[in-house]
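So for the sequence shown, full-length UniProt numbering puts the first residue at 1; every next one is plus one.
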Amino acid sequence: MANTTMIPHNYYPPSIELPHYAVNEDSVISLIVRFGVFWVAVSGIAALVITRLRPASSLSDRIAFVWMCLTGWVHFHFEAHFVLNHVRLAGGQSLFDQLWKEYSLSDSRYLTSDSFLISMEAVTAFCWGPLAFFIAYCIIVKHPLRYPLQLILSLGQVYGDVLYYATSLLDIEYCRPERYYFWFYYFFFNFIWMVVGCYYIWQAVTKIVETIRKVDQLEARQKKK
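Set out below in structure tokens:
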């Protein structure tokens, strides 16, 4: 006879089985504060690096550098943690384990080794993460590859978010009914990458178009000579 005993949990739908689940040992406030410290530390170090290595850089470049370092860190560390530990995540007690369990109240598929989420997060962690760091390097050395790569990265992030929103809405029963989890965890946290990604897509396209126009104008003037 199959074992029908279920470990109680707060995830939706209540019928999902999490046989290795363990309640978080730390409070939500403690988890958010500690994660926030990482964000501030990464952003602060990035700001110091570009100030030291490119003191004459524009404010736009400095913000872009900090963003690329921050998004690279989130992708390559936090999201990679999910990909590498999704099987045991529900029972873990490390900072990232507990943060993922807290976020999973808005999308419990993260605790069920959902194949789409593993695939999407793997691309995000191991492709977009390193690429973001390389773009940050391009900003420091003023390499022209920055804008084509920025376009690829940002388009990939926005596309990933669109797919995530779509699949989550189709599987909305995996989100707790409280508005807090839907609007703050699920919608807001992911919308950050949508908004910033769209901005950097626009910036990259604008820069590439301007450069091509300048080249075309230069070639036209040379032909007239």
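Glycine included, C-beta positions come from ideal geometry on N, C-alpha and C.
Check                                                                                                                                    : Outcome
According to the neighbour-count rule (16 or more other Cβ atoms, all chains shown, within 10 Å of its Cβ), is Lys101 buried or exposed? : buried
Near Ala22, what residues of its chain come up, given a Cβ to Cβ distance below 8 Å and the 5 sequence neighbours on each side ignored?  : Ala90, Gly91, Gly92, Gln93
Considering only C-alpha positions, which residue in the set Gly197, Glu210, Phe182, Cys175 is nearest to Pro14?                         : Cys175
Buried or exposed: Gln98, going by 16 or more other Cβ atoms within 10 Å of its Cβ?                                                      : buried
With 16 as the cutoff for other CB atoms within 10 Å, does Ile29 come out buried or exposed?                                             : exposed
So, Phe182 versus Ser106, is the Cβ gap smaller than 8 Å?                                                                                : yes
Helix, strand or coil, according to DSSP, for Ile16 in the structure here?                                                               : coil
Any chance the segment 60–73 sits against the segment 42–49, with 3 or more Cβ pairs inside 8 Å?                                         : yes
Does the separation of the CB atoms of Tyr147 and Ile208 fall below 8 Å?                                                                 : yes
Rounded to whole angstroms, what is the Cα-Cα separation between Leu151 and Lys142?                                                      : 16 Å
For Phe189, does the count of other Cβ atoms within 10 angstroms reach 16, so buried, or fall short, so exposed?                         : exposed
Measure the C-alpha to C-alpha separation of Ile139 and Arg109 and round it to an integer number of angstroms.                           : 37 Å
Among Phe76, Ser115, Leu153, Tyr159, which has the Cα closest to the Cα of Ala204?                                                       : Leu153
If distances are taken between C-alpha atoms only, which option among His20, Val33, Tyr186, Thr211 comes closest to Val162?              : Tyr186
Is it the case that the Cβ atoms of Ser104 and Tyr11 are separated by a distance below 8 Å?                                              : yes
According to DSSP, simplified to helix, strand and coil, what is Leu105?                                                                 : coil
To the nearest whole angstrom, what separates the beta carbons of His86 and Phe96, a pair I think is in contact under 8 Å?               : His86 to Phe96, Cβ: 12 Å. No contact.
When you compare each of His75, Val33, Ile172 to Trp193 by their alpha carbons, which one comes out closest?                             : His75
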